[in-house]
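Novice: Positions in the sequence shown are counted from 1; adding 1265 to them yields the numbering used here. Glycine included, every Cβ here is placed at the ideal spot set by N, Cα and C. Nothing here was measured: the structure is a model prediction, and the numbers come from that model.
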Amino acid sequence: MPADSVIVATIAIDPSTDGFASFAGNASPSLSSTYVLSDSCGLTTFTKLEDLGLPDINWAVQLEVTPECGTTPSCTADFNDDGEVRSPDLGVLLAAWGDTGKEAAPFDLDDDGIIDSSDLGILITQWGPCP
1266 MPADSVIVAT
1276 IAIDPSTDGF
1286 ASFAGNASPS
1296 LSSTYVLSDS
1306 CGLTTFTKLE
1316 DLGLPDINWA
1326 VQLEVTPECG
1336 TTPSCTADFN
1346 DDGEVRSPDL
1356 GVLLAAWGDT
1366 GKEAAPFDLD
1376 DDGIIDSSDL
1386 GILITQWGPC
1396 P
């Protein structure tokens, strides 16, 4: 994820049955605004807390993510999922040689819509144990 990405986290809280609702924040500096959305309070679009008269309240959120999330696997030519690219994977690719469309999809390593020499080249560069 690029360093300048924006992540939006939405927290759904059931409406109060006694007319009382609260949330807490902190006065630590924030690089972005905190927004609130509450249909029952007439806030039908995301509204900045500072626009509601709360300029010094921010929510700090710590997110923990798996670094591999959303990345392409480094061993895409391991068609039989045995942890290495070897002759069985080559056999699968050669059996699909020339396939296009849906038939090609699982083995089309360069996503150009056809199983061809480009896919073979990718398989060869991945030859051996997967990282």
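1. Ends of the beta strand (DSSP E) at L1308?
2. Kindly identify the DSSP beta-bridge partner or partners of G1393.
3. Whole angstroms is fine: what's the gap from A1370's alpha carbon to V1301's?
4. Whole-angstrom Cβ separation of G1348 and P1394, contact assumed at under 8 Å?
5. So what's L1374 in DSSP terms, helix, strand or just coil?
6. Between W1362 and I1380, how many whole angstroms is the CB-CB distance? I'm expecting something under 8 Å.
Specialist: This is what the structure holds:
1. Position 43 of the sequence shown, counting from 1, holds the residue named residue 1308. Its beta strand (DSSP E) spans residues 1308 to 1313.
2. For the purposes of this step, residue 1393 is taken as the residue at position 128 of the sequence shown. Partner(s): V1350.
3. Within the sequence shown, the letter at position 105 stands for residue 1370. Within the sequence shown, the letter at position 36 stands for residue 1301. Taking the straight line from one Cα to the other gives about 43 Å.
4. Your numbering for residue 1348 matches position 83 in the sequence shown. Your numbering for residue 1394 matches position 129 in the sequence shown. That pair is a contact at about 7 Å.
5. The residue given as residue 1374 occupies position 109 in the sequence shown. In the structure shown, L1374 sits in coil (DSSP, three-state: anything other than H, G, I, E or B).
6. Mapped onto the sequence shown, residue 1362 falls at position 97. Mapped onto the sequence shown, residue 1380 falls at position 115. At roughly 5 Å, the Cβ-Cβ gap stays under 8 Å, so W1362 and I1380 are in contact.
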